Every structure is written in C-alpha cells, then in structure tokens.
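Undergrad:
Residue numbers (mature numbering (1 follows the signal peptide of the UniProt record, and there is no 0)): -22 to -1, 1 to 180.
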C-alpha cells in the first residue's frame, strides 16, 4: 500500500465521519421535570434515536419524538431503554422530549444518542467499489461497532456502580441501626438487672 493509497483511505474515513451527524450525551433529569432536545434533519434523511436510563428510581422515563409539524413519530411511557429508526418526511427541527413528571422524588441520569445520516454512507455507489473503498467501508463499520460497544459497556458499568453504591449505603444504614438497637437493648438490660440487686428504701 503506497502513500497515496493511505491518504485516500484517511480522506474517505474522515469524509464519512463529516457526512454523519447527531448528538450523543448523558444528562440529569430531575423529578417532575421535562427536557427536550432539537436536531435539524433534512427530508428523506435517515435518523435513529436511542436512549437508556442509567440511574434513578425504577430506571424508566417517558419519551416523545415529534416532527417539525408537531406530529408524534414515536412515543414510549415509562421505558428503561429503546431505539427507534425513522426516515424524515420533511426538513426541519425534530424534537425529542424526555419526561420524569410522573416521579415525585427520583432524579434520573439518562443517556441519549440521536444519530442523523446513513451509518455506512460508503455503500452508496453506482459503480463497483474498488478494493480500497471496500476496505475503508469495512474499517468504518468496525469503528462504529467499537464505539457502540464501548458506549454500552460504559452505561452498564455506570449502572452497576450506582446499584453497588446504593446497596453499600443501605447495608451501612442497616448496620448502624442494628448497632444502635444492640446498644439500647444492652443499656436497658443493665438498668433492669440493677433494679433486681438494689435495696429499696422503706
């Protein structure tokens, strides 16, 4: 593989990265709150919304995806995680809203990935792809898979860590309560035994 082939490979890879857009983030959703995010999507462009509740409450949230004309494309009630892929019927700002209004005290951490554009745009060719283009497409596909695996592993690790911290807190509180109960019972027994061996004044 010569110098120009390597340059062509990197240019095609960066070109595919620039042609795809979207947003990926984790945000805190307070109790009795609702947060919306907007994404510009062109007509006939493919997009995908993926979300997961990482921590908080029963790990559920309400989700609504709306088109620019206020038509509801996707709706889920008290869902832990899901993904929805769609093709934009019109150009404009699409709105994804996450609601925790049904919860009165549970703050939640929500992960959202709003992808816009074809995941593997190199596949759109009128002519037969060269070996270099096929290799670039395969590398691009593998890199996207690696990013997805890393993201899901990070989410599972954060979820497991939060559950372990909650369990640790509950065990600590229970241990303190047991210790206080034992101390109170011990002191009470001592006072009760002292009354058996003390002479009462007439």
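For glycine and all other residues, C-beta sits at the position ideal for the given N, C-alpha and C. No experiment lies behind these values; they were computed from the predicted model shown.
Less than 7 Å between the beta carbons of residue 88 and residue 5, yes or no?
TA: Yes, the Cβ-Cβ distance between residue 88 and residue 5 is below 7 Å.
Undergrad: Any idea if residue 166 is buried or exposed, counting beta-carbon neighbours within 10 angstroms, 16 or more meaning buried?
TA: Exposed.
Undergrad: Are residue 37 and residue 43 close, meaning C-beta to C-beta below 7 Å?
TA: In this structure, residue 43 does not lie closer than 7 Å to residue 37 by Cβ.
Undergrad: Between residue 110 and residue 116, what straight-line distance do the alpha-carbon atoms span, to the nearest angstrom?
TA: Those two C-alpha atoms are separated by around 10 Å.
Undergrad: What residue does the alpha helix (DSSP H) around residue 137 start on, and which one ends it?
TA: Looking at the DSSP string, the run of the alpha helix (DSSP H) that includes residue 137 is 109 to 175.
Undergrad: From 139, 40, 29 and 123, pick the residue whose C-alpha is nearest to that of residue 11; which is it?
TA: Answer by Cα proximity: 40.
Undergrad: Taking residue 17 as part of the beta strand (DSSP E), name the residues at either end of that continuous run.
TA: It spans 12 to 19 - the beta strand (DSSP E) in which residue 17 sits, taken as one unbroken run.
Undergrad: How far does the beta strand (DSSP E) with residue 56 in it extend, from its first residue to its last?
TA: Its beta strand (DSSP E) spans residues 50 to 57.
Undergrad: Are residue 32 and residue 150 closer than 7 Å when you measure CB to CB?
TA: No, the Cβ-Cβ distance between residue 32 and residue 150 is not below 7 Å.
Undergrad: Out of curiosity, what's the CA-to-CA distance linking residue 130 and residue 46?
TA: Approximately 30 Å, taken between the alpha carbons.
Undergrad: For residue 79, which three-state DSSP category applies?
TA: Of the three classes helix, strand and coil, the one that applies to residue 79 here is coil, per DSSP.
Undergrad: Cutting at 8 Å between CB atoms, please list the residues of its own chain near residue 80, excluding the five before and the five after it.
TA: If we look at residue 80 and ignore the five residues flanking it on each side, its Cβ neighbours are 40 and 56.
Undergrad: Look at the Cβ atom of residue 28, then the Cβ atom of residue 91, and state whether they are nearer than 7 Å.
TA: A contact, by the Cβ cut-off of 7 Å.
Undergrad: Would you mind reading off the limits of the beta strand (DSSP E) that contains residue 89?
TA: 86 to 94 is the extent of the beta strand (DSSP E) around residue 89.
Undergrad: Take residue 18 and list the residues in its own chain whose beta-carbon comes closer than 6 Å to its own, dropping the five residues that flank it on each side.
TA: Excluding residues within five positions, the ones whose Cβ falls inside 6 Å are 71.
Undergrad: Comparing C-alpha positions only, which one of 163, 161, 7 and 60 sits nearest to residue 82?
TA: Among 163, 161, 7 and 60, the Cα nearest to that of residue 82 is on 7.
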